[in-house]
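Engineer: Just so we're aligned, residue 0 is where the sequence shown starts under numbering that gives the first Met the number 0, counting upward by one. A virtual CB, placed ideally from N, CA and C, is assigned to each residue, including glycine.
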Amino acid sequence: MIWINIVYTIKQVIIYIMSLILLNALTGSCIFICFKLLEKPLEKMGLIKMSVRLLRVVILSFLIPVVFVLLFRVYDDNVTFSIDYPLPYVFGCFLLIWAVGWGKAFVHSVQIHKRLKYLINTACLCEKDVIEVKDEWQKKLRIHQNVMVKQTYTIATPIICGIIKPVILLPVKDYSKEELDVIFAHELMHCRHKDILWKQLCAFSRIVFWWNPLIQRIVFDVDSWNESYCDHAVTKVLKDKKEYFTTVCRLGIKPFEKGAYLCAALYEDKNQLKTRIYRIKAIESINIIKIFAGLCMGTLLCVTSMFAVIFITRGYHDIYMRTVITVGDLREKYMDTEPIAEVTDVEKLEVHDEIRLAKKLPVVPMKERITREKDLIFEQKLKAGTRMESNSVY
Numbered sequence: 000m001i002w003i004n005i006v007y008t009i010k011q012v013i014i015y016i017m018s019l020i021l022l023n024a025l026t027g028s029c030i031f032i033c034f035k036l037l038e039k040p041l042e043k044m045g046l047i048k049m050s051v052r053l054l055r056v057v058i059l060s061f062l063i064p065v066v067f068v069l070l071f072r073v074y075d076d077n078v079t080f081s082i083d084y085p086l087p088y089v090f091g092c093f094l095l096i097w098a099v100g101w102g103k104a105f106v107h108s109v110q111i112h113k114r115l116k117y118l119i120n121t122a123c124l125c126e127k128d129v130i131e132v133k134d135e136w137q138k139k140l141r142i143h144q145n146v147m148v149k150q151t152y153t154i155a156t157p158i159i160c161g162i163i164k165p166v167i168l169l170p171v172k173d174y175s176k177e178e179l180d181v182i183f184a185h186e187l188m189h190c191r192h193k194d195i196l197w198k199q200l201c202a203f204s205r206i207v208f209w210w211n212p213l214i215q216r217i218v219f220d221v222d223s224w225n226e227s228y229c230d231h232a233v234t235k236v237l238k239d240k241k242e243y244f245t246t247v248c249r250l251g252i253k254p255f256e257k258g259a260y261l262c263a264a265l266y267e268d269k270n271q272l273k274t275r276i277y278r279i280k281a282i283e284s285i286n287i288i289k290i291f292a293g294l295c296m297g298t299l300l301c302v303t304s305m306f307a308v309i310f311i312t313r314g315y316h317d318i319y320m321r322t323v324i325t326v327g328d329l330r331e332k333y334m335d336t337e338p339i340a341e342v343t344d345v346e347k348l349e350v351h352d353e354i355r356l357a358k359k360l361p362v363v364p365m366k367e368r369i370t371r372e373k374d375l376i377f378e379q380k381l382k383a384g385t386r387m388e389s390n391s392v393y
């Protein structure tokens, strides 16, 4: 009996895990596609902050199991996530394939973390005047974390990495005061915006949803919009936008590639830098009308996301329910080979009732209302392919 319970639990867990992964991937992908439809208008209107916030909603939609929870709360019908044959074995095969890819992606992520950790541990401390400039900007931006500054020969562009203990890594060279201002203003702004945290969430999504072709694009967009958001915030402090981007181009020799999606670099590539400059220029023409239009588009994305969640929830439930019923019918048709003896009309009805009750049909809760005379009144139509149950005992 214990082994039967263990096997049942294993099958149920397989169904839960694979359903959770599929539903979150589908929900996040739908919301991301909606965001991509609004991205260009938001970019032209210079609404960088709103774009960043909407993109963070996309990241959370991949990680928060909204549809999975709704299926438990809304559809209490003993059909959704049932372990009817052969669903556990089909889901088990998918889970095995997913686990192989997940293991490969996880090992790759661990290797990148080790490289970054080695990079930080082998870097040397900066000179006192460099640290003083960093402390000055840290106070100006009101960052209360202890941010370290180190120098290393193994990178070509300044980066910041780490969530709890942020570390700014600089290439070994002599910097002017203006260059240090740009570097620390930019990297500490990443720290203030918690961009490394969101990059880590993207890295986690890459491991879990390694098979989703949209994940790589999401990671790229998150990185691109975070840099634009940082540029916007820094240029509001430094004022001189031309000098800022000139310094960024001068300091960035080549893109940083070792674990780039786990840290924030000052310079990536020329095409992305052009996009960042274009977005900053678009902010200059921003007005109340554009802000209102952006709010409308943000609201539209939220409403569309809500309908996407409802559609996916109902669709997954219907598909799962139809699959369970179809598989049950096929098993009755092809696996029950014993001929049925001729019986009377009453016996045929009893056999029909047994087959009907054996099916796991979706349950429709009975809407009951008891009058003062304690007579039951039922005013509810029953749809085909469903059965009605009462939660009360009379």
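1) Report the partner residues of Ile167 according to the DSSP bridge assignment.
2) State buried or exposed for Thr245, treating a residue as buried only when at least 16 other CB atoms are found within 10 Å of its CB.
3) On a CA-only basis, which of Ile311, Trp2, His316 and Leu187 is nearest Ile30? Give me that one, please.
4) Could you pull out every residue in the same chain whose Cβ sits closer than 7 Å to the Cβ of Met49, ignoring the five residues on either side in sequence?
5) Can the beta-carbon of Leu140 be found closer than 8 Å to that of Leu169?
6) Whole angstroms are fine: how far does the CA of Lys149 sit from the CA of Val129?
7) Quick check: what's the CA-CA separation for Ser223 versus Leu46?
8) Looking only at its own chain, which residues have a Cβ that is under 6 Å from the Cβ of Tyr319, when we skip the five neighbours before and after it?
9) With a CB to CB cut of under 7 Å and the five nearest residues on each side skipped, what residues in its chain are close to Arg191?
10) How many Å lie between Gly314 and Ile285 at the Cα?
11) In whole angstroms, what is the alpha-carbon distance linking Ala122 and Tyr152?
12) Assess, as a yes-or-no matter, whether the segment 106-113 is touched by the segment 33-40 under the definition of 3 or more beta carbon pairs within less than 8 Å.
13) Which one or two residues does DSSP pair with Cys123 in a beta bridge?
14) Is Glu135 closer than 8 Å to Leu250 when the C-beta atoms are compared?
15) Measuring only the C-alpha atoms, how far is Ala155 from Val171?
16) Tell me the residue span of the alpha helix (DSSP H) that contains His185.
17) Among residues of its own chain, excluding the 5 on either side of Arg278, which ones have a beta-carbon nearer than 8 Å to its beta-carbon?
18) Can you say whether Ser175 is buried or exposed, counting buried as having 16 or more other CB atoms within 10 angstroms of its CB?
19) Between which two residues does the alpha helix (DSSP H) holding Tyr15 run?
20) Return the chain-ordered list of same chain residues with a C-beta closer than 6 Å to the C-beta of Leu69, the five sequence neighbours on each side being excluded.
21) Measure the C-alpha to C-alpha separation of Ile252 and Phe291 and round it to an integer number of angstroms.
22) Please confirm whether Ile158 and Ile195 have their CB atoms less than 8 Å apart.
23) Pick from Leu22, Val236 and Leu200: whose alpha carbon is nearest that of Ala307?
24) Within the continuous alpha helix (DSSP H) that includes Glu242, where are the two ends?
25) Are Ser217 and Val57 close, meaning C-beta to C-beta below 8 Å?
26) Out of Glu38, Gly161, Leu115 and Tyr243, state which residue places its alpha-carbon closest to the alpha-carbon of Leu200.
27) Could you tell me the distance, in whole angstroms, from the CA atom of Lys113 to the CA atom of Tyr84?
28) Can you list, in chain order, the residues of its chain with a C-beta nearer than 7 Å to that of Ile276? Leave out the 5 residues immediately preceding and following it.
29) Please say whether Ile111 and Thr166 have beta carbons closer to each other than 8 Å?
30) Does the beta-carbon distance from Thr8 to Ser60 come in below 8 Å?
31) Assuming Lys127 contacts Val146 under a Cβ cut-off of 8 Å, what Cβ separation, rounded to an integer in Å, is found between them?
32) Going straight from the alpha carbon of Val99 to that of Asp180, what length do you get?
33) Tell me the rounded alpha-carbon separation between Lys289 and Ile206.
34) Spatial neighbours of Phe219 within its chain, please: CB distance less than 7 Å, with the 5 preceding and 5 following residues excluded, ordered by chain position.
35) Indicate whether Leu94 and Ile5 have their beta-carbon atoms separated by less than 8 Å.
Structural biologist: Working from what's here:
1) Val148 and Ile159
2) exposed
3) Ile311
4) Leu41, Gly293 and Gly297
5) no
6) 10 Å
7) 14 Å
8) Thr79
9) Leu140 and Ile142
10) 41 Å
11) 8 Å
12) no
13) Gln150
14) no
15) 9 Å
16) Lys176 to Arg191
17) Glu42, Gly45, Ile47, Ser227, Asp230 and His231
18) exposed
19) Ile1 to Lys43
20) Thr312
21) Residue placement at Ile252 is poorly supported in this model, since its pLDDT is 49, which falls under 50; the coordinates are not used for a value here.
22) no
23) Leu22
24) Lys240 to Leu250
25) The question names Ser, but residue 217 is Ile in the sequence shown. Yes, the Cβ-Cβ distance between Ile217 and Val57 is below 8 Å.
26) Gly161
27) 44 Å
28) Phe244
29) Here the sequence assigns Val to residue 166, which means Thr is not the residue at that position. No, the pair does not count as a contact, with Cβ atoms beyond the cut-off.
30) no
31) Actually they are not in contact, since the Cβ atoms of Lys127 and Val146 sit about 16 Å apart, beyond 8 Å.
32) 46 Å
33) 37 Å
34) none
35) no
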